[in-house]
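Residue numbers (the numbering used here): 46 to 188.
Glycine included, C-beta positions come from ideal geometry on N, C-alpha and C.
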């Protein structure tokens with residue numbers, strides 16, 4: 046990726062930079078390329094009322110990772126928009142960090158689909174997700 050996430054967030058207007066969900070959820074990007082995006086997120090602060098990791102937090106992690114992978118694919122001047130996200134929650138996480146790993150399933154000229162797996166610190170599967178994005182490369186033409 047030509048621009049690290051810190052640079053992209055730095056370039057945002059101040060009123061938007063302060064409102065980034067990535068920061069509110071404690072998501073930390075560990076690896077970022079068009080072939081693989083890896084991030085961690087704490088369970089603490091992202092729980093539902095029964096003390097388990099909130100499914101919406103898992104969904105937000107998955108969409109973040111898929112969107113970053115799509116961003117890397119259309120960089121430096123393309124754009125994308127998520128058009129479908131589905132998540133299957135396999136087991137509960139109660140503490141520690143979860144790790145999300147995103148890899149592309151399909152990169153087309155207009156659509157990209159990304160598979161995200163979320164595991165706990167014992168490497169147990171917490172959630173699988175699939176994000177589909179509408180992709181636009183720069184220059185007004187597809188690839």
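- In the structure shown, residue 154 adopts coil according to DSSP, grouped into three states.
- In this structure, the alpha-carbon of residue 83 lies about 16 angstroms from that of residue 169.
- Here the alpha carbon of residue 161 sits roughly 23 angstroms from the alpha carbon of residue 182.
- Around the beta carbon of residue 116, 16 or more other beta carbons lie within 10 angstroms, which makes this residue buried.
- In the three-state reduction of the DSSP assignment, residue 100 falls in the helix class.
- Per DSSP, reduced to three states, the secondary structure at residue 69 is helical.
- Bounds of any beta strand (DSSP E) do not take in residue 63, whose DSSP letter is neither H nor E.
- Ranked by Cα distance from residue 143, the options 179, 58, 92 and 151 are led by 92.
- For the set 101, 102 and 124, the Cα lying nearest the Cα of residue 112 is the one of 124.
- Annotation: residue 163 to residue 121 spans about 28 angstroms, alpha carbon to alpha carbon.
- By the CB criterion at 8 angstroms, residue 137 and residue 98 fall inside the cutoff.
- The bridge partners DSSP lists for residue 145 are 84 and 163.
- Residue 100 has its alpha-carbon roughly 12 angstroms from the corresponding atom of residue 94.
- When the beta-carbon positions are compared, residue 96 and residue 139 come within less than 8 angstroms of each other.
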